[in-house]
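Report on the structure given below.
There are 2 protein chains.
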Amino acid sequence: MAEQRGAVRRRDTTQTVCAAIRADVVGRVFTPGERLTEEGLAARYRVSRIPVREALRTLESEGFVHSRPYAGTFVAELSESEAEDLLGIRLLMEPFGAERAALRRTPVQLATLELLIAEAREMLDAGSAGGPAGLAELNTRFHQVLAEASGSPTLAALVAQLGYKISWVYSLGHPRRAPESWAEHEGIVQALRDRDPDAARERVAEHIRRAQAAYRLRGKH
Amino acid sequence: MAEQRGAVRRRDTTQTVCAAIRADVVGRVFTPGERLTEEGLAARYRVSRIPVREALRTLESEGFVHSRPYAGTFVAELSESEAEDLLGIRLLMEPFGAERAALRRTPVQLATLELLIAEAREMLDAGSAGGPAGLAELNTRFHQVLAEASGSPTLAALVAQLGYKISWVYSLGHPRRAPESWAEHEGIVQALRDRDPDAARERVAEHIRRAQAAYRLRGKH
DNA sequence: CGGGGGACCATTGCATACAACTATTACGGG
DNA sequence: CCCGTAATAGTTGTATGCAATGGTCCCCCG
């Protein structure tokens with residue numbers, strides 16, 4: 322369990338460690354402002370310091386940690402306004418990507434999105450048997466595939482980074498509006514199926530505005 | 322000269338190497354698709370492989386290179402549509418940032434922008450004595466400071482990454498519209514001075530649309 | 001002569017080891 | 001008792017070295 326947590330098959334170590342640290346940051350295992358020692362992380366994931374260092378450089382450029390030479394690496398702290406801006410940026414980029422995706426999506430991407438919706442519906446019908454974590458995972462993947470369907474690797478990468486950060490912010494308290502959310506996803510996929518860029522853009526924009534509103538309500542803690 | 326190119330003061334090596342490689346990628350010293358060997362880069366910049374590796378991880382997450390385990394690192398290739406999308410994304414993000422900047426800019430940031438404009442005007446009046454590279458550098462910094470003035474570190478980082486990539490694309494052939502460009506910059510700063518978010522957003526949008534148009538004209542090669 | 005398979009080599013991935021710097025703490029002076 | 005300074009310890013930065021893997025070239029076979 323914790324023993325084998327980061328036991329890598331001597332391959333892809335850096336990427337695995339990077340994902341693990343990011344997951345632990347997003348999952349609030351490491352609290353914002355906390356100092357991360359390379360040796361501590363190395364021990365935690367059962368690797369040496371080199372993969373840890375490389376993972377930290379990636380996470381730094383993604384904005385999850387920041388480090389000063391010889392001083393150490395610290396988990397980033399997102400201000401409230403920063404969290405708000407994140408949602409604003411997302412509201413810009415995802416509709417833009419969806420517009421492109423309506424024109425450029427491949428059949429495989431379309432089918433993947435439909436598959437994700439089907440899996441989500443199954444989970445919802447089963448009464449969240451897969452757990453809310455499963456739905457959140459599906460949601461992340463949905464938005465990820467949607468971004469990739471835009472045909473722009475840069476845009477997809479940016480959306481992915483944003484998605485991680487928003488998960489981080491949202492982790493304070495998940496708004497529970499999964500059924501509505503997935504219904505909206507269906508509308509988005511329909512627009513992609515119809516190759517209707519305007520509808521795709523508008524539906525994604527509306528989807529994100531609603532998520533944003535739900536977040537703001539939860540934000541009053 | 323080339324001898325001392327990457328001779329680092331035994332500090333900040335990784336960041337310096339990262340910037341150097343990025344500059345060489347943007348400057349077309351390394352051509353898209355080219356394979357970069359760690360040892361070759363280490364020799365070029367007079368450092369060991371470790372800083373090179375870490376720099377490459379950063380550049381990978383920024384999208385300038387891509388690497389597969391054990392296979393090597395390759396300079397990324399930007400398709401024409403990808404270049405077009407880059408400009409589209411910039412057209413989304415920079416006006417958004419400018420809107421925020423009009424409300425959040427600090428006096429120091431405002432003064433910095435004014436300083437940059439003054440320096441640019443001096444160069445222009447001197448008949449591009451500082452060289453076009455100097456103006457391009459000032460342009461990059463202007464947009465960088467403008468993005469930072471939005472008060473959102475995430476947004477600033479994204480704009481910075483985009484800026485590098487756009488410099489890369491533009492390096493195929495610089496559109497020479499520096500005088501008009503800097504006149505527009507003045508209008509933008511005026512909007513920030515007036516704390517007028519709508520004007521700031523619109524002027525930046527117009528500025529970028531014109532740069533985009535100039536690029537498209539040049540693009541017909 | 002063209003295509004497939006295998007061995008060699010270059011290169012990457014990772015761990016260990018040493019040097020350099022920061023932060024903390026203890027000590028002495030005011 | 002507080003502040004400034006210096007030594008110390010802990011952590012980061014970099015170099016060297018070895019094991020694992022992918023790419024390439026050559027040989028053999030069809």
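These protein sequence lines are chains A and B, in that order.
Here the numbering used here runs 321 ahead of the position in the first sequence, where the first position is 1.
Here the numbering used here runs 321 ahead of the position in the second sequence, where the first position is 1.
C-beta atoms are modelled at their ideal positions from N, C-alpha and C, and glycine is treated no differently.
Note that the coordinates shown come from a computational prediction; the quantities given were computed from them, not determined experimentally.
Reduced DSSP category for residue i - H, G, I as helix; E, B as strand; rest coil
i: A:G508; result: helix
i: B:T337; result: helix
i: B:L538; result: helix
i: B:L399; result: coil
i: B:R356; result: strand
i: B:F417; result: helix
i: A:V350; result: coil
i: A:S471; result: coil
i: A:R498; result: coil
7 Å Cβ shell around residue i - same chain, five flanking residues per side excluded
i: B:Q430; result: V466, E469 and A470
i: B:C339; result: A376, T379 and L380
i: A:V525; result: E415, P416, A419 and I509
i: B:A512; result: A423, A520, A521 and R524
i: A:L445; result: A499, P500 and W503
i: B:R421; result: S471, G472 and S473
i: B:G455; result: M444
i: B:R411; result: L483, I487 and I529
Where the beta strand (DSSP E) containing residue i begins and where it ends
i: A:F395; result: G393 to V396
i: A:R389; result: V386 to R389
Residue interval of the alpha helix (DSSP H) (run including residue i)
i: A:V490; result: P474 to Y491
i: A:D515; result: From DSSP, A:D515 is part of no alpha helix (DSSP H); its letter is neither H nor E.
i: B:T433; result: P428 to D446
i: B:V373; result: R370 to E383
i: A:A364; result: E359 to Y366
For residue i, the nearest candidate out of the options (CA to CA)
i: B:E405; options: A:D406, A:S402, A:E405 and A:F417; result: A:F417
i: B:G508; options: B:A535, B:K486 and B:A521; result: B:A521
i: A:I529; options: A:V347, A:H506 and A:Q511; result: A:H506
i: A:G384; options: A:E360, A:I342, A:L412 and A:T358; result: A:I342
i: A:A447; options: A:R531, A:P500, A:S388 and A:A392; result: A:P500
i: A:E360; options: A:I371, A:L513 and A:G354; result: A:I371
i: A:R498; options: A:R462, A:A512 and A:A535; result: A:A535
i: B:P474; options: B:E403, B:F395 and B:R426; result: B:R426
i: A:L413; options: A:L476, A:V490 and A:S492; result: A:L476
i: A:T335; options: A:R462, A:M444 and A:A363; result: A:A363
i: A:D345; options: A:G393, A:V386 and A:V368; result: A:V386
i: A:R442; options: A:A478, A:S502, A:G354 and A:V347; result: A:S502
i: A:S388; options: A:R374, A:G348 and A:E401; result: A:R374
i: A:R367; options: A:V347, A:S382 and A:T337; result: A:T337
i: B:E458; options: B:R421, B:S488, B:G472 and B:Q482; result: B:S488
Contacts around residue i, its chain only, beta-carbon distance under 8 Å, and the 5 residues preceding and following it disregarded
i: B:H464; result: E415, V480 and G484
i: A:L424; result: R516 and P518
i: A:G354; result: F395, V396 and E398
i: A:G348; result: S492
Heavy atom of the ligand ATP within 8 Å of residue i beta-carbon
i: A:T461; result: Absent from the structure shown: the ligand ATP. Ligands present: none.
Contacts around residue i, its chain only, beta-carbon distance under 6 Å, and the 5 residues preceding and following it disregarded
i: A:K486; result: L407
i: B:V490; result: A404
Could you tell me whether the stretch 427–440 of chain B touches the stretch 432–444 of chain A, where touching means 3 or more Cβ pairs closer than 8 Å? no
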